[in-house]
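Chemist:
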Amino acid sequence: MNSHVTRRASLAALGALAVTGALVQAAEAQPPVIRIGGVGSGYGKPFGQQGAAVMQAQRFVEAETKGAVRVEYHFFDRSGPAVNEALAAGQLDFASYGELPQIIGKANGLQTRIIANGGNTNIYVVVRNGVKANTISDLKGLRVTLQRGTILHQALDRLLEEAGLSEKDIQLYDLPTADQLTALANGEADASVGTSSLLTLRDQGIVRIIYSTAGKTTPDGINVFSVTEDFSNKYPVATSAVVRAIVKAAKWTAQSHNHDAALDIWARSGTPRKVLAEDLPGPLKDTEIPLIDELFITSLKIGVDFAVRNKLIRQPFDVDAWIDRRYLNAALHDLNLASYWQPRHAPPSLAKE
Amino acid sequence: MIRAIPFVGIANPSGLQRRARSRSQAGSIVWRGVALGAIVPLAVLATWSLAVALHAMRPQILPGPLAVQAAATDLLRSGDLVTALEVSLGRILIGLAIGSVLGLVAGAVLGRSRTLDAYFGPTLRTICQIPTIAWLPVFMLIFGIGEELKVAIIAKAAFLPMLLNTFAGVRSASGRYHEVASALEFGPLQRLRFVTIPSALPMIVLGLRLALSNAWHVLIVVEMLASPAGIGHLMAWSRTLFQLDVVFVTIVAIGATGWLMDAAMRAAERRLSPWSLPA
Numbered sequence: 566m567n568s569h570v571t572r573r574a575s576l577a578a579l580g581a582l583a584v585t586g587a588l589v590q591a592a593e594a595q596p597p598v599i600r601i602g603g604v605g606s607g608y609g610k611p612f613g614q615q616g617a618a619v620m621q622a623q624r625f626v627e628a629e630t631k632g633a634v635r636v637e638y639h640f641f642d643r644s645g646p647a648v649n650e651a652l653a654a655g656q657l658d659f660a661s662y663g664e665l666p667q668i669i670g671k672a673n674g675l676q677t678r679i680i681a682n683g684g685n686t687n688i689y690v691v692v693r694n695g696v697k698a699n700t701i702s703d704l705k706g707l708r709v710t711l712q713r714g715t716i717l718h719q720a721l722d723r724l725l726e727e728a729g730l731s732e733k734d735i736q737l738y739d740l741p742t743a744d745q746l747t748a749l750a751n752g753e754a755d756a757s758v759g760t761s762s763l764l765t766l767r768d769q770g771i772v773r774i775i776y777s778t779a780g781k782t783t784p785d786g787i788n789v790f791s792v793t794e795d796f797s798n799k800y801p802v803a804t805s806a807v808v809r810a811i812v813k814a815a816k817w818t819a820q821s822h823n824h825d826a827a828l829d830i831w832a833r834s835g836t837p838r839k840v841l842a843e844d845l846p847g848p849l850k851d852t853e854i855p856l857i858d859e860l861f862i863t864s865l866k867i868g869v870d871f872a873v874r875n876k877l878i879r880q881p882f883d884v885d886a887w888i889d890r891r892y893l894n895a896a897l898h899d900l901n902l903a904s905y906w907q908p909r910h911a912p913p914s915l916a917k918e
Numbered sequence: 648m649i650r651a652i653p654f655v656g657i658a659n660p661s662g663l664q665r666r667a668r669s670r671s672q673a674g675s676i677v678w679r680g681v682a683l684g685a686i687v688p689l690a691v692l693a694t695w696s697l698a699v700a701l702h703a704m705r706p707q708i709l710p711g712p713l714a715v716q717a718a719a720t721d722l723l724r725s726g727d728l729v730t731a732l733e734v735s736l737g738r739i740l741i742g743l744a745i746g747s748v749l750g751l752v753a754g755a756v757l758g759r760s761r762t763l764d765a766y767f768g769p770t771l772r773t774i775c776q777i778p779t780i781a782w783l784p785v786f787m788l789i790f791g792i793g794e795e796l797k798v799a800i801i802a803k804a805a806f807l808p809m810l811l812n813t814f815a816g817v818r819s820a821s822g823r824y825h826e827v828a829s830a831l832e833f834g835p836l837q838r839l840r841f842v843t844i845p846s847a848l849p850m851i852v853l854g855l856r857l858a859l860s861n862a863w864h865v866l867i868v869v870e871m872l873a874s875p876a877g878i879g880h881l882m883a884w885s886r887t888l889f890q891l892d893v894v895f896v897t898i899v900a901i902g903a904t905g906w907l908m909d910a911a912m913r914a915a916e917r918r919l920s921p922w923s924l925p926a
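For the record, the sequence lines run as chains A and B. Oh and the first sequence: position 43 is 608 in the working numbering, straight run, nothing missing. Oh and the second sequence: position 107 is 754 in the working numbering, straight run, nothing missing.
So this is what it looks like as structure tokens:
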């Protein structure tokens, strides 16, 4: 009987321990602060574009965490490498930025997991006025300027390959965006690959657009939302809340009556509203799609392949193991949006193993 | 007759004796210098190793000394580091040659002619106050984005110290030497050869040393911003690739190269103008 009592006592103690453990865990599940990083538009403003900017403006993370957690946003001007450095320094918990710097960060040991698609950036290929080129294949032999090691570089590589060319067929000049504009303006470069900032240059009569991914379903210009493993392991509840906010922001942006408001939010980054309106005429449902679908994964695999071929990373790695779909699946289910977005398939010509 | 004139330092018996005497001690002094100079780097290396061993910072932010050494070995083996340095030093050589010759001529002319100095001095000095890097956008429009841009920027960076020091050197030529030169009825060329150049030389050499150091600093920045080659580009590119070990290698290479160039210039300074050494 004595032993019986002891057993019951120890069971009770175990139960109490388990409850305490759960409480401790519940207490731990509230981080002191959630720090979300993104890429600014190069105008020196502390605001960004895409989903992260909408989440910030609409306070979706605050809503999902019931206002109990401080939420910080940090936008780094046009600089994926700066986001990588901030992640490595432990200054960010989440980040949405271009897939190529994401791949470079991951390959160099950043402990991150992909939690959602970060939406697309439209990519433009322009030629200086007076240059006789109308297609990507016409770029052969021309002086093309862009910033190497970016999603723009990755996109050009794919577009050249599609046109039966390679980087060897063009003269590539690696320049920061502002200097690209100078180079185009003074005739030092014939063509450039960039984002919507090139639209301003077209309006000034300096360049002509010969190609753009706007409105197309391509694996170019993909942004990736990731979380540090440190954070998601320690705060799975808060991670779920942030991913719900990501999905809510994508849904909010997709609704056509919010289009104007979305452009207003993104214009805070310094990108002229006129440029935004042309770059993102809507509907934005597919531009800001949060899904980790076939096209998204194919793009990541193209990115890893590109990075290895161009010696941007030393070793390839497993993209599928980098992705953690649990949070996104739960968020889509919880918000009743499981069938809101149509998963996009990769064109057969792009299918990677 | 001309050779008999005792110009400063050219025949300075006490200086020569001092140098001869000190030669025997030179070895131990050099070693002492090396040993003392090595204390700080070794302390930094020790702190660095300790920080890495204690995982004080993530390896993506602070790679360990061994990782940096491995990256250096890789870069040396592949020739990337040497190629990058060759490109940078080639640019320095051309840009410095152009900038320092222009600075020398301008400094000498303004130093000799108070009229020209009154006309051009203020403008030149104002222009030179604008940091060289601030000229980059304008220089890009003028010189494009190719090699001419880097050479022009280096030339600009070298021009100012050369101008100011040559100017000061030429102006500092003591009036008494000019009196002697007048008494000996020197022509303008003789005056230049025996008065102006010897008295201005220490300042000119100092100007050249500052010009080189200035040019090196500016070149690294230009290469980081707008260049597909060179050591500065290698550094910026490694940052894009998030290879901090390579970034550290380039930092060390930039510092070491700058130090070597400066040491060479100081040696040249001693050789060319021994009388400028403090007694």
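All C-beta atoms in this analysis are idealised placements derived from N, C-alpha and C, irrespective of residue type, glycine included.
Run through chain A and tell me which residues come within less than 8 Å of Ala873/B, C-beta to C-beta.
Modeler: Leu740, Pro741, Asp744
Chemist: Who are the Cβ neighbours of Asp734/A in its own chain at under 6 Å, not counting the five residues just before and after it?
Modeler: Lys705
Chemist: Taking 8 Å as the threshold, find out whether the segment 702-717 of chain A comes into contact with the segment 743-755 of chain A through three or more Cβ pairs.
Modeler: As far as the Cβ criterion goes, the segment 702-717 of chain A touches the segment 743-755 of chain A, which means the pair count is three or higher.
Chemist: Taking the beta strand (DSSP E) that Ser757/A falls in, what are its first and last residues?
Modeler: 756-759
Chemist: If you check the beta carbons only, do Gly674/A and Gln776/B fall under 8 Å apart?
Modeler: no
Chemist: Can you have a look at Leu588/A and say buried or exposed, based on whether 16 or more other CB atoms are within 10 angstroms of its CB?
Modeler: Low per-residue confidence applies at Leu588/A: pLDDT is 45, beneath 50, and the placement is therefore not dependable, though the value from the model is reported in the following sentence. By the 10 Å Cβ count, Leu588/A comes out exposed.
Chemist: Can you give me the Cβ contacts of Arg759/B inside the same chain, cut-off strictly under 7 Å, excluding the 5 residues immediately before and after it?
Modeler: Val817
Chemist: Quickly, what does DSSP pair Val604/A with across the bridge? List them, please.
Modeler: Phe641/A
Chemist: Quick one: list the residues of chain A neighbouring Pro849/B, beta-carbon separation under 9 Å, in chain order.
Modeler: Correct list: empty, because the minimum Cβ distance to chain A is about 40 Å.
Chemist: By DSSP's criteria, Gln623/A is part of a beta bridge. Which residues make up the other side?
Modeler: Looking at the DSSP assignment, Gln623/A forms no beta bridge with any residue, so it has no partner.
Chemist: Does the distance between the C-beta of Met787/B and the nearest non-hydrogen atom of the ligand MG fall short of 7 Å?
Modeler: In the structure on display, the ligand MG does not appear, and there are no ligands present to speak of.
Chemist: Using the Cα positions of Pro927/A and Glu859/A, report the straight-line distance between them to the nearest angstrom.
Modeler: As shown, chain A starts at 566 and ends at 918. That puts residue 927/A outside it, with no answer to give.
Chemist: Nearest by alpha-carbon distance to Arg767/A: which of Ile669/A, Thr836/A, Val692/A is it?
Modeler: Of all alpha-carbon atoms in Ile669/A, Thr836/A, Val692/A, the one lying nearest the alpha-carbon of Arg767/A is that of Val692/A.
Chemist: Taking 8 Å as the CB-CB cut-off, is Leu877/A touching chain B?
Modeler: yes
Chemist: Please name the residues in the segment 743-765 of chain B whose beta-carbon is closer than 8 Å to at least one beta-carbon of chain A, in chain order.
Modeler: none
Chemist: Let's see if you can read the secondary structure: which residues bound the beta strand (DSSP E) around Ile787/A?
Modeler: 787-793
Chemist: Could you check which residue in Asn682/A, Ile771/A, Gly786/A has the C-alpha nearest to that of Gly714/A?
Modeler: Its Cα nearest to that of Gly714/A, the residue Gly786/A stands out among Asn682/A, Ile771/A, Gly786/A.
Chemist: Per DSSP, Leu737/A is paired with what?
Modeler: Val709/A
Chemist: For Leu877/A, collect the residues of the same chain with a Cβ closer than 7 Å to its Cβ; drop the 5 residues on either side in sequence, then sort them by chain order.
Modeler: Ile669, Gly714
Chemist: Show which residues of chain A have a CB atom less than 9 Å away from the CB atom of Met787/B.
Modeler: What Met787/B touches in chain A, judged by beta-carbon distance under 9 Å, is Asp744, Thr747, Ala748, Asn751, Glu753, going in chain order.
Chemist: For a minimum of 3 consecutive residues, which ranges assigned as the beta strand (DSSP E) are wholly contained in the segment 652-682 of chain A?
Modeler: 659-663
Chemist: What are the residues in the segment 662-691 of chain A lying within 7 Å of chain B by C-beta distance?
Modeler: Ile669, Gly670, Asn673, Gly674, Leu675
Chemist: Check whether the Cβ of Asn798/A lies closer than 8 Å to any Cβ atom in chain B.
Modeler: Any Cβ of chain B closer than 8 Å to the Cβ of Asn798/A would place that residue at the interface, and such an atom is absent.
Chemist: By how many angstroms is the C-alpha of Gly759/A removed from the C-alpha of Ser634/A?
Modeler: Contrary to the premise, residue 634/A reads as Val rather than Ser in this sequence. Rounded to whole angstroms, the gap between the alpha carbons of Val634/A and Gly759/A is 37 Å.
Chemist: Does the distance from the C-beta atom of Asn682/A to that of Ile867/A stay below 8 Å?
Modeler: Contact flag unset, no.
Chemist: Cβ of Ile800/B less than 8 Å from any chain A Cβ?
Modeler: no
Chemist: Output the boundary residues of the beta strand (DSSP E) element that contains Arg693/A.
Modeler: For Arg693/A, the uninterrupted beta strand (DSSP E) segment begins and ends at 689-693.
Chemist: Would Ile649/B pass as an interface residue toward chain A - the criterion being a Cβ-Cβ separation below 8 Å?
Modeler: With a pLDDT of only 41 at Ile649/B, under the threshold of 50, the placement of this residue in the model should not be trusted, and no figure is reported.
Chemist: Mind listing the chain B neighbours of Asn649/A? Cutoff is C-beta to C-beta under 8 Å, in chain order.
Modeler: Gln707, Phe889
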